[in-house]
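**Q**
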Amino acid sequence: MTTMTLNATNGSANEGFGLFARITESLRVWLARMETRAQLERLSERELADIGMCRADIEDVVNHRA
Numbered sequence: 001m002t003t004m005t006l007n008a009t010n011g012s013a014n015e016g017f018g019l020f021a022r023i024t025e026s027l028r029v030w031l032a033r034m035e036t037r038a039q040l041e042r043l044s045e046r047e048l049a050d051i052g053m054c055r056a057d058i059e060d061v062v063n064h065r066a
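Structure, rendered in structure tokens:
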């Protein structure tokens, strides 16, 4: 006698987990950008110049455009 086992997955359950993972990742990235921005904004003008930046560069660096 042959026994077959079917592992049916509910597509909506997998999509829900994917959605949760995307939301979690988006939140993680947003928090990391906020922390980076806060750290850079705490630096003095001289400290920023030492790393080759000025205040106007902060937003570009935080958004990975620099």
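Residue 1 is where the sequence shown starts when you use my numbering, and the numbers rise one by one after that.
We put the beta carbon where it would ideally sit given N, CA and C, even for glycine.
For clarity, every value in this text was computed on a predicted model and none was experimentally measured.
If the criterion is Cβ atoms closer than 8 Å, does the pair residue 31 and residue 58 meet it?
**A** Within the sequence shown, residue 31 is the residue found at index 31, counting from 1. Within the sequence shown, residue 58 is the residue found at index 58, counting from 1. In this structure, residue 58 does not lie closer than 8 Å to residue 31 by Cβ.
**Q** Tell me the DSSP secondary structure of residue 51 in three-state form.
**A** For the purposes of this step, residue 51 is taken as residue 51 along the sequence shown, with counting starting at 1. Coil at residue 51, not helix or strand.
**Q** Could you round the C-beta distance between residue 22 and residue 62 to whole angstroms and report it? I think they count as a contact, below 8 Å.
**A** As a working mapping, residue 22 is identified with position 22 in the sequence shown. As a working mapping, residue 62 is identified with position 62 in the sequence shown. About 21 Å separates the two Cβ atoms, so there is no contact after all.
**Q** According to the Cβ coordinates, are residue 55 and residue 48 closer than 8 Å?
**A** Here residue 55 refers to the residue found at position 55 of the sequence shown. Here residue 48 refers to the residue found at position 48 of the sequence shown. Against a cut-off of 8 Å, the Cβ pair of residue 48 and residue 55 comes out as a contact.
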